[in-house]
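Engineer:
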Amino acid sequence: MLKYRNVHSSSYEPLFSRRIFLYGSAGIGAGALAVMCGLAPALRPSRAWAAEMPKRGGTLRYANTDTLKPLVDPATVDALGPSDAVRGCAEFLTEVDEHNLPHPHLLETLTASEDLKTWTLVVRKGPIFNTPTPRALDADDIVFNFNRWLNAKIGSSMNGLLSPYLDASGIEKIDAQTVRLHLKTPSSTLAYDLFHYAGAIVPREFEGDFLKQPWGTGPFEMVEYVPNQSFTLKARKDYWRDGADGQKLPYLDQVISIDVRSQASAQVAGLTSGQFDLALGLDYAAYKQLAGEPDLVMSRIKSAGTVLFRTRIDQKPFDDPRVRQALRLAQDRDQITQLALGDTGFVGNDDLVAPEVDPAWAPLDTPKRDVEQAKALLAQAGLGQGFRTEMRYPTSPDFIATAAQVYAQQCRDIGIQIDLVPMPPDAYWDKWTEWTFAAPQWSHRPLATMTMGLCLRPGAAWNETRYADPQFESLLDEVNGLIEVEARRKVYSKIQTRLREDGPFADPLFMYALAAQTPKVKGFVPTAFRYGSFSDTWLA
Amino acid sequence: MLRLTLLRLPFFALTIAVSSVLIFLASEVLPVNVGRNMLGMFAPQQAVDALNHQLGTDLPLVERYGRWIGKAVSGDLGNSTSQHLPVGPLILRRAGNSAVLALAGLSLILPFALVLGTIAGLTAGRAPDRVISLISLILTSTPEFVVGVLLLLVFAVHWRILPGSSALIGAASPLSVPSKLVLPAVTLALVDIGYIARMMRTSMIEVMASPYIRAARLRGYSATRIVFVHALRNALVTPVTVIMMHVNWLIGGIVVIEAIYAYPGLGQLMLSAAAAKDVPVLEAGALLFALVAAITQLLADLLQAWLQPRLRSAAA
Amino acid sequence: MRTLQHFSGGAVPLLPAILRRLGRSKAGLLGAAIVLFWVLAALLAPWVAPYPPNNLVGPATQGPSTLFWLGTDDLGRDVLSRLLWGTRSVLLLAPTAVLIAEIIGAAIGLASGYLGGLFDQVIMRLNDALIAFPTILLYLLIIAALGPSRVNVVLAIATASIPGIARIVRGVVVSLRKRGFVLSAQMRGESLWYILAIELLPNVRRPLLVDTLLRLGYATFSIGTLGFLGLGAPPPDPDWGGMVNSGVRWLSVSAWMTAVPAIALASLVVAINLIADAFEEGARP
Amino acid sequence: MTSALVDIRALSVDYATHDGLLHALRGVTLEIVTGEVLGIVGESGCGKTTLGYALLGDLGPNARVKGVARLNERDILAMTRAELIAMRGRRVAMVPQSPGDALNPARKIGDQLREVLFVHSRLKGAQATARICSLLEKVHIPNPQAIMQRWPHELSGGQQQRLVIAMALLGEPELLVLDEPTTGLDVTVEAAVLDLLAELRRDLGVTIALISHNLGAIARACDRVIVMYAGLIVEAGTAAEIFARPRHPYTKALLECVPRIDRARSAQQPVPIPGNLPNPFAALSGCSFANRCAYAVFDCLAEQPALLPISEHHAAACIRWADIAAEPVAPKPGEAVQISSTDRREVMRIEELDVTYHVRGTKGGGGILKAIDAVSLDLAQGQVTAIVGESGSGKSSLASAIAGLRPADAGAIYLDRKLVHWSLRRRAGWTRKFLQMVFQDHTSTLNPELGAGRSIDRAVRLLGGARGSAVRARTAELMQKVGLDPTTAFRKPSELSGGQRQRIAIARAFAGRPELVICDEITSALDVSIQAQVIAFLQSLQRANGTSLLFITHDLGVVRQIADEIIVMYLGTVCERGPADAVFSGPNHPYTQALLESVASPDPALQRKHRPLAGPLPDPAERRIGCPFKTRCPKRLGTVCDTTGPPLRSAGDRHAIRCHIPVEELDRHWTPVAGTHISAAPKNGVDNISGVIGQ
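Residue numbers (the working numbering), protein chains in the order written: chain A, 102 to 641; chain B, 374 to 689; chain C, -2 to 282; chain D, 2 to 696.
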């Protein structure tokens, strides 16, 4: 029997007021969800766990199953592993909680104008950088960070998120605590974007190498970072937040993260042997094996993390929408999901919108498999004899390989023979935007439009499909100017329909973020992001 | 002995030099954009080109080799393109872990292999020999990953008495968690015990059939004296050489075993470097392997000469 | 009745004598039986295998049942069918790789050993360097450069085997090149080609034959290992090493999909080595 | 009355092999009397070594033994393992064949000697060292203390032999068994070892069983001799009786086919024993020697005759011994081709030829070894020229250099008066037809993987120019000329005997009717009867074709038998050369003299004194000034020998000697005598420098 911690049962009120927009309550437990645009106290409270007084001390060992890639600059972090190391030492302007709710974090308030084009950021008083001479965070640091993110030479993925609506010229320092952003186009996603893992705030003295200058306002300090192996953080004495016991956070003395890759055997062995207290982003196989363990608390959080079978529409034969549609129709989504992820995945609908995860999700019917129509479309496209093509995919995580194999098998039914080319992840990602036909993994983002902005706009850095559709683009612009859930849902419906008919990919499934922890780990709530953030965590 | 060492050194240097050229050429075959590798997938092309120029990856082959070997000799192995760390310390730490595994393996291999091989050799054709020979053959024929998987199944999954993963925390020494060393070392040992036991057996049979053993018997020496005083030392010559020559095989096994158990050794590093086409790490690692192989070869020669005085003058 | 014309005939046949000796070795016969079993499995796979090897025919990670005798894998494919079809791959690739390596290695070794001099020195230094290099890393480099495919697996294994073969052949040739029969051939003005191919090559057969078998075992071993490291034949086609690789993570859920191909591979390598052992005894003159 | 130390009765030993039971001994009965030296003689495969090992109770697990072998009334063959251990070394000690192999290569000499003493008498420390040193001195090992610090491989073959004898003596055995103690030693060393045996026997009174195929050595050292054939004793008696009055046809034939140094060439012709040894796997029917015996009659086929006494000191296993007694041992006369100096036509000439090797010396860095040092010589058409010398003399290097198989560094080689390149590859095509060679090692002279006739076939095509059916005919003809059935061509070389292989090699060399054939030690590994056969065929082909032969050998007997001219080499230089008769009659170079004196004479009545050469062969890598022989020369004059190279002085018609001593003062001690002197053939020696030369 599986034991799930019900992550939706904890209750606390989002503390934002003024211009609230409500997302529909479809299945989301907490009901009300806000984007902070007001003057609320804003900081998410330290979670008080039912009548339990946190204990201090101890070392938390956890496995992040994403690789501990080398860490250089927080702004260029491109994996969860190193981002966790940064997250312990440095913090973000906002925080998105397990309900997909954004809160201001290093900000006192985050306020938008009516037209969502002018955003005012008021810096919190209190956070202190652990620079050689500790000093307080101020507006100059914020400006410094925004400029770094928008500097193409640094190559931050924050640039991909922010540059569609923000130029460096739009950053205005008002006073020592206030920064104003003048956007090119309205944005409803800024609060979310600021929580992207590359958005950790570093002091303006920072010169580019985080291992030499591990500076931030976070609860921990870097002890060591061994790429592909592990990192160790130790508690900072002068962190700015207080715990439930009235003393400074964090509770833990030390955090150690271990790189176990997506090796199920290592994950299982580590957890069952007590080598780790916690594992984030478990492999499906490991999850399935651990499900029988009596002494583990398993969690399963729906996420927008997905795998795409994507084409490059500037390459034959995928330039023909009928071919792409046939590739979508070939899918038996249930079989793919079932075999690749079992009950740790759920079916996707070729539109990047994860049902029930994105609040504005439009509940359209799941497309059915239709071999005959797929064949007909291929015939129309002049490919009645079928064709043969290569599909590349990274060998890790494992479920991609499974999904790809199942899909390749299904495509045979419509006459397409897919030669699978598994690639070592590093080699795959080295040229990932160049492959003609591939199966990349896209990680969880709270709003589907964030992902779409990154990968479906012409000229976007991560537009691996070369997709360029004016109709789709105008819809995306439209939704970015909307903040109200139901209004967004109406546009979502059009976007989803468009992508299901014309999009450059098939999107068969979404994954649950899987985690397992021993019962003694308290004060940690796994999220769909799979971030490891332990300021409020203690060991019972 | 010293003279022999000195005589051997030019050969040693030559092997290393040839290896370095081979390694360099081999890694140059890898279609790699070093700048792109270092700057990551989102860096603009100009930056990549500039870095490539700065690193000299656009220079002619011979010049690049000169630069590389010159730096390598002075101890500068460059920076890992995938890990953004100096290669030297990176390789050394991983190599240290692999060495611990190799030594743990050897400390199991040597006593078992030599004793079993000796017993088999002395009982050639009889029951103990047949049993040992068959087991040896099966062991040496079973790939490391098969042995590893079966051991995992039994000890980590079924009985749960040993950790199934040997991933280490931080820079921790594998010796600090000996239990993590058990399965990798045993896997390594099982495959090689068979091989070396077979060598020892053959060698023992050969030596026991040699004229000086017969001469010793004809002098009225006891069987014990013949085996321990006369046969063993001579019978060790071949296995010792083989063990030394076998180091690169051992390394191969270590690569696979490290992959099975997620043991953070040089093999894992090389595997991931190959996947990431991290040329500096690949080159340095390969060079280290070549060096280790050449050194062991040298040691094998010297050890052989020590065991077999006849070779001291003749082999020169 | 043989006539004098046969003087110019080929070398003394070697195989029949060795096969006779093989017949005397119980272990060798056992090995031959196992290999024969797998060869039959490979040949008969299309008729014997209960399901197409790549079809998703049942629920995932099942243990043995009447429907699926050896269970199913993580994709719900029949393990028995994949095992049988996978035999074809390993039984085709290993001999191909070894054959290519033996031909090239023997040619290099013959030339290098007989001609001697600078050519020999250069070749042997290169050889030493390659032999000193761990085989698995050589595979790794080659496959990293060329990408994983069946052809590249063959290429990698062949390349890594050549130096060892060349060294063996060279050793034999060097020991022979000052022998009377070679000197005599030189003195009667035989061509280089004749001396290499007719005088020397037949003398290399015994060591090469044993070496070929040992290498066949090792190539099988290597193909499995490469598959296990994910560097072998790409999916979905069945490959024993690859089956083990994809099965390892399901070890505690269902060991069948891992243990079956693992043991099959081990049995094949053991069998080949049993034959090699028996041949080694038999090949001794 | 002397007592029997060993008493062997009806001893049969069969070995179980893959191919069936091999009958090694077929019922041997003999006694060894305390204090005597018993010689056990016979050709390979006669069972003499098995008999030796039976004396130590060490016949191996696959041996099937019948009969008894009593040592002082105790049956050795029935002893328990413990009894055997107690007996071996203490009562019976063995000196195995090839002493180098009998020493543990990984232990120092001293340790191995001390071990023997410790095992046998629990002696240790200074006492042991003293014992060992005194014994080493007894076997004439100089500077025992230093020797004990050395490794076995650092000793010369002669020293190793003395050492192994010393080790055997350390246990103070009653019986010492020596298995082929002189095989592999140069003739000068062989003589010294035989002297040593005589001394030991005189001083220590040890009983000795001497196993050897070397009739000369047996004759020189033994009191009593048994002759073995096909696992049986065919004749036994005192040495004097056996050698003077052989009563078994085998003994007689053996003595007849041994070439003799003491008989003029015109008085001897090689007399081979026809046929082969009986199949060792088959049971005998009738006399084992009957199928090869010139005296055989129908009665011989009835049963194997028993060894019956024919006089007080003589027994023979032959029903016709009485008839044999009537015929004296009288070899057929030979004939020599006489060529006067005027019609000498030169086929080959070399001038100032140097052949050097780069070697890494055993002490200190590398160096250049002059294997051939400015040698000049010429060969006349149709003549047999022999080059003799000990191992290390450079005779084989000279042969290879002439054949173009080994680079010459300086000088010139003329074939048919035309200058040719030193390298075979760069010589013109006609030279291949002109010059052919027969190689030393019969095991590798034929390609083991090709049919035996193949290379004759090729030679007939390439050198004889034959095509089509002519090839067949010519090959068959050649094979018949060397006494082989043409079908032998189809057999695998490994199925042929050494003699057959060498005969094929000879046929091959003569396929193109060459002008000159070089024979490099072609009989050194063959038994005497086979040697006689090979030489007989060689000689007939040579005479028929008028071919010149350059015959390289260390065996002076063979030289005496076939050579027209003789060249004596020492350390890469020619020290004496001349017509065979002139060289054998003297005067001689001191080295030639030493060689001639060392040849073991088979006639116990005719033992000569010989002066042993001092010291070992010098390190050939050392630079030499003066006379190369100065270090060992028994007639050394003084500093002139050390500083000045000796002149080549004429000693008669084309006879020249390179020595400072005037020809008139050189000894002319060797005069052919009409006695029965036999020199047998030790294998090419591996004394002292074998590690350096010819690797």
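Quick reminder that beta carbons are idealized off the backbone N, C-alpha and C, glycines included. Everything numeric in this text was worked out from a predicted model, so none of it was measured.
For the region 624 to 649 of chain B, list every residue whose C-beta sits within 7 Å of some C-beta in chain A, in sequence order.
Structural biologist: Correct list: Ala635, Pro637, Ser645, Ala648, Ala649.
Engineer: Would a check of beta-carbon distances place Asp486/D closer than 8 Å to chain C?
Structural biologist: Chain C contact via Cβ: absent.
Engineer: Give the straight-line distance between the Cα atoms of Leu136/D and Arg606/B, rounded to the nearest whole angstrom.
Structural biologist: The straight-line gap from Cα to Cα measures roughly 28 Å.
Engineer: Taking C-beta to C-beta, are Ile128/C and Ile105/C nearer than 8 Å?
Structural biologist: It is not a contact, given that the beta carbons lie outside the stated cut-off.
Engineer: With 16 as the cutoff for other CB atoms within 10 Å, does Arg108/D come out buried or exposed?
Structural biologist: Buried, by the Cβ-count rule.
Engineer: Select from Phe662/B, Asp502/B, Ala468/B the residue whose C-alpha is nearest the C-alpha of Ser392/B.
Structural biologist: Selected option, being the one with the closest Cα: Phe662/B.
Engineer: Please report the distance separating the alpha-carbon of Ala482/A from that of Gln510/A.
Structural biologist: Distance between the alpha carbons of Ala482/A and Gln510/A: 22 Å.
Engineer: Kindly indicate if chain C contains any beta-carbon less than 8 Å away from that of Pro627/A.
Structural biologist: Output row for Pro627/A: interface = no.
Engineer: Residues of the region 487 to 514 of chain A with a CB closer than 9 Å to any CB of chain C: list them in chain order, please.
Structural biologist: Correct list: Thr496, Asp499, Ala502, Thr503, Ala505, Gln506, Val507, Ala509, Gln510, Gln511, Arg513.
Engineer: Please list, in chain order, all residues of the same chain as Gly319/A whose beta carbon is under 6 Å from its beta carbon, the five residues on each side excluded.
Structural biologist: Correct list, in chain order: Gly189, Cys190, Ala191, Glu192.
Engineer: Whole-angstrom Cβ separation of Leu284/C and Leu387/B, contact assumed at under 8 Å?
Structural biologist: Outside the displayed range of chain C (-2 to 282) lies residue 284/C, so it cannot be described from this structure.
Engineer: Taking only the alpha-carbon atoms, compute the straight-line gap between Ala220/D and Phe244/D and give it to the nearest angstrom.
Structural biologist: Answer to the nearest angstrom: the Cα atoms are 7 Å apart.
Engineer: Over what stretch of residues does the beta strand (DSSP E) that includes Ile9/D continue unbroken?
Structural biologist: Looking at the DSSP string, the run of the beta strand (DSSP E) that includes Ile9/D is 5 to 18.
Engineer: So Val483/D and Phe538/D are supposed to be a Cβ contact under 8 Å. How far apart are they, rounded?
Structural biologist: Correct: roughly 5 Å between the Cβ atoms.
Engineer: If I follow the unbroken alpha helix (DSSP H) through Thr217/C, where does it start and stop?
Structural biologist: Element bounds for Thr217/C: 198 to 225.
Engineer: Is there a Cβ of chain C sitting closer than 8 Å to that of Thr446/D, yes or no?
Structural biologist: So yes, Thr446/D belongs to the interface.
Engineer: Give a yes or no on whether 8 Å exceeds the smallest Cβ distance from Val361/A to chain B.
Structural biologist: So, interface residue.
Engineer: Please report whether the beta-carbon of Met349/D lies at a distance below 8 Å from any beta-carbon of chain C.
Structural biologist: Closer than 8 Å: no.
Engineer: Excluding five sequence neighbours on each side, which residues of the same chain lie with their C-beta closer than 6 Å to the C-beta of Gly73/C?
Structural biologist: Taken in chain order, the residues that qualify are Leu53, Gly55, Pro56, Ala57.
Engineer: Quick one: does Pro231/C have its CB under 8 Å from some CB of chain A?
Structural biologist: So yes, Pro231/C belongs to the interface.
Engineer: Please determine, among Leu615/A, Gly449/A, Arg558/A, Pro609/A, the residue with the shortest C-alpha to C-alpha distance to Pro265/A.
Structural biologist: The option with the nearest alpha carbon to Pro265/A is Arg558/A.
Engineer: Would you call the CB atoms of Leu676/B and Met617/B closer than 8 Å?
Structural biologist: Their beta carbons are under 8 Å apart, which means Leu676/B touches Met617/B by this criterion.
Engineer: Identify the contact partners of Tyr585/B in chain F, using a Cβ-Cβ distance below 8 Å as the criterion.
Structural biologist: Looking for chain F here will not work: the only protein chains present are A, B, C and D.
Engineer: Within 10 Å of its beta-carbon, does Met349/D have 16 or more other beta-carbons around it, so buried, or fewer, so exposed?
Structural biologist: Met349/D comes out buried.
Engineer: Pull out every residue of the region 450 to 478 of chain D whose Cβ sits closer than 7 Å to any Cβ of chain C, in chain order.
Structural biologist: If the cut-off is 7 Å between Cβ atoms, the region 450 to 478 of chain D has Glu450, Leu451, Gly452, Gly454, Arg455, Ser456, Asp458, Arg459, Ala460, Leu463, Leu464, Arg473, Thr476, Ala477 near chain C.
Engineer: So if I threshold CB-CB distances at 7 Å, which residues from the region 43 to 63 of chain D count as touching chain B?
Structural biologist: Correct list: Leu57, Asp59.
Engineer: Ordered along the chain, which non-local residues of its own chain (more than five positions away) have a Cβ less than 7 Å from that of Leu23/D?
Structural biologist: Same-chain partners within the cutoff: Asp15, Tyr16, Pro281, Phe282.
Engineer: Using a Cβ-Cβ cut-off of 6 Å (strictly less than) and excluding sequence neighbours within five positions of Cys47/D, which residues of its own chain qualify?
Structural biologist: Contacts found: Met229, Tyr230.
Engineer: When you check each C-beta in the region 48 to 61 of chain C against every C-beta of chain A, which residues fall closer than 8 Å?
Structural biologist: Under the 8 Å Cβ criterion, the region 48 to 61 of chain C contributes Asn51, Asn52, Leu53, Ala57.
Engineer: Specify, as a first and last residue, the run of the beta strand (DSSP E) that Asn165/A falls within.
Structural biologist: Counting along the chain, the beta strand (DSSP E) containing Asn165/A begins and ends at 160 to 165.
Engineer: In angstroms, rounded to a whole number, what distance separates the CA positions of Arg407/D and Phe601/B?
Structural biologist: Whole-angstrom Cα-Cα distance: 46 Å.
Engineer: Are at least three pairs of beta-carbons, each pair with one atom in the region 565 to 574 of chain B and one in the region 481 to 491 of chain B, less than 8 Å apart?
Structural biologist: A contact exists between the region 565 to 574 of chain B and the region 481 to 491 of chain B.
Engineer: At a CB-CB cut-off below 8 Å, which residues of chain B make contact with Ser243/C?
Structural biologist: The premise fails here: Ser243/C is roughly 12 Å from chain B at the closest Cβ pair, so nothing lies under 8 Å.
Engineer: How is Ser586/D classed by DSSP in three states: helix, strand or coil?
Structural biologist: Three-state DSSP puts Ser586/D in a helix.
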